[in-house]
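In our numbering, each residue's number is its place in the sequence shown (first place is 1) plus 873. Heads up, the beta-carbon is just placed ideally off N, CA and C, and yes, glycines get one too. Each remark here refers to the structure printed beneath this line.
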Amino acid sequence: MNKLDEYRKTIDQIDQEIIELYEKRMDIVKLVSIYKKENKLSTLDSSREKVMLEKNLKKIKNKDYSKYYIDILTSFIKASKLYQEDLKKNED
Numbered sequence: 874m875n876k877l878d879e880y881r882k883t884i885d886q887i888d889q890e891i892i893e894l895y896e897k898r899m900d901i902v903k904l905v906s907i908y909k910k911e912n913k914l915s916t917l918d919s920s921r922e923k924v925m926l927e928k929n930l931k932k933i934k935n936k937d938y939s940k941y942y943i944d945i946l947t948s949f950i951k952a953s954k955l956y957q958e959d960l961k962k963n964e965d
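In structure tokens, the structure reads:
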């Protein structure tokens, strides 16, 4: 196995871990959606999104990755909101 194959195998393993964590995250998003519905709260919480982004960007050790992480977290947030909206539609 050459170096490139080794790197790709490691990326595949990391991707599997990310998938597992993403599924856990979405399971919690579902619970958040249920809570919001029960308490008549909006799906959108811009202040929470801003705080999440600022807080998580500070945790990145290699600052060269920060601008790319913004895209990832923003995508997670977008997926979470879309999922919550879908859950609302399916419950109505």
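Residue i (DSSP reduced to helix, strand or coil)
i, result
"Lys876", "helix"
"Leu946", "helix"
"Ser885", "Note that residue 885 is Asp in the sequence shown, not Ser. Helix, per DSSP."
"Lys910", "helix"
"Asn935", "coil"
"Ser953", "helix"
Cβ-based burial, residue i [other Cβ within 10 Å; buried from 16]
i, result
"Ser919", "exposed"
- [ ] Could you tell me whether the region 926-945 touches the region 909-916, using the rule of 3 or more Cβ pairs below 8 Å?
- [x] no
Open item on the list: I'd like to know if the region 881-898 and the region 941-948 are in contact, where contact means that at least 3 CB-CB pairs between them fall below 8 Å.
Closed with: no
Open item on the list: With a threshold of 8 Å, are at least 3 pairs of Cβ atoms found where one atom belongs to the region 898-910 and the other to the region 949-962?
Closed with: yes
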